[in-house]
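As structure tokens, the structure follows; a few thoughts come after it.
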Amino acid sequence: MKIGKKGFLLLTALLCAFIWAGCVDGQDASSDQSTSEESHPQTAVEKNQGKIQIGDNGNMEIEIYAGGQTFASVLFDSPAARALAEQLPITVNMQELNGNEKFYDLPNALPTDTKDIDSIHAGDLMLYGSDCLVLFYKDFQTTYRYTKLGRVEDAAGLEKALGVGDVQVTFR
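Structure, rendered in structure tokens:
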């Protein structure tokens, strides 16, 4: 098959266009990647700067809002608590369980560091398994294992604010 001068020039032009398009896409991808890296939040503190304060001990200061009341709270300095902090602010519908706790099944698993917890205290915020967020409003003894996430600093009034049954709770 013989290709004339015009066919050869057309084929060469198409080949150059494909090569040029590939080079341009590669440049865009690398510039998109650097832009993405520059604008991607790296930590919960950076993502929520101005909302979450870090205490001297590394704990993150947050608020828990329920039943018309705001409770000053802390998230401990741990991988699980930092992973939760990256999701804040969140508003969830927590379900009642056993007359002493409210729980919510998170859509994503958090890192775990489960420990035997002998005593639960009102205001404890823990993770059961890898994705069940639990807020306790009464003191009691337990044989269950949890990952500690944080606590309400002053749990007075927490039981009343959470009420009977399911409740909407905001962590911010």
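Just so you know, UniProt numbering puts the end of the sequence shown at 172, numbered straight through with nothing missing. All residues carry an ideal CB built from backbone N, CA and C; glycine is no exception.
Which same chain residues, not among the five before or five after residue i, have their C-beta less than 8 Å away from its C-beta?
{"i": "PHE140", "result": "ASN100, SER119 and ILE120"}
{"i": "TYR144", "result": "ILE117 and TYR128"}
Determine the DSSP secondary structure at residue i, reduced to helix, strand or coil.
{"i": "ALA155", "result": "coil"}
{"i": "LYS160", "result": "helix"}
{"i": "ARG82", "result": "helix"}
{"i": "GLN87", "result": "coil"}
{"i": "TYR137", "result": "coil"}
{"i": "THR170", "result": "strand"}
{"i": "ILE62", "result": "strand"}
{"i": "ASP118", "result": "coil"}
{"i": "SER36", "result": "The predicted position of SER36 is uncertain, since its pLDDT is 40 and thus under 50; a value taken from the coordinates is nonetheless stated next. Note: SER36 maps to helix in three-state DSSP."}
{"i": "ILE54", "result": "strand"}
{"i": "SER130", "result": "coil"}
{"i": "ASP113", "result": "coil"}
Drop a sphere of 10 angstroms on the beta-carbon of residue i, count the other beta-carbons inside from all chains shown, and report buried for 16 or more, exposed for fewer.
{"i": "VAL24", "result": "For VAL24, the predicted structure reports a pLDDT of 48, less than 50, and the residue's modelled location is therefore unreliable. A value from the coordinates is still provided. Flag for VAL24 reads exposed."}
{"i": "LEU162", "result": "buried"}
{"i": "LYS102", "result": "buried"}
{"i": "LEU158", "result": "buried"}
{"i": "GLY123", "result": "buried"}
{"i": "VAL164", "result": "exposed"}
Here's a check: name, in chain order, each residue in its chain whose Cβ is nearer than 7 Å to the Cβ of residue i, leaving out the five neighbours to either side.
{"i": "ALA109", "result": "SER130 and ASP131"}
{"i": "GLY150", "result": "SER73, VAL74, LEU75, PHE76, ALA81 and LEU125"}
Figure out for me which residue from the options has the closest Cα to the Cα of residue i.
{"i": "TYR146", "options": "VAL164, LEU158, PHE171 and ASP113", "result": "ASP113"}
{"i": "LEU84", "options": "LEU97, TYR104 and PHE136", "result": "TYR104"}
{"i": "LEU133", "options": "GLN53, PHE71, ILE62 and ASN93", "result": "ASN93"}
{"i": "ALA156", "options": "LYS115, PRO107, PHE136 and GLU61", "result": "PHE136"}
{"i": "VAL167", "options": "PRO79, GLN69 and PRO111", "result": "GLN69"}
{"i": "PRO111", "options": "GLU86, GLY58 and LYS138", "result": "GLU86"}
Once you ignore the five residues that flank residue i on each side, which residues in its own chain have a CB closer than 6 Å to its CB?
{"i": "THR170", "result": "TYR65 and THR91"}
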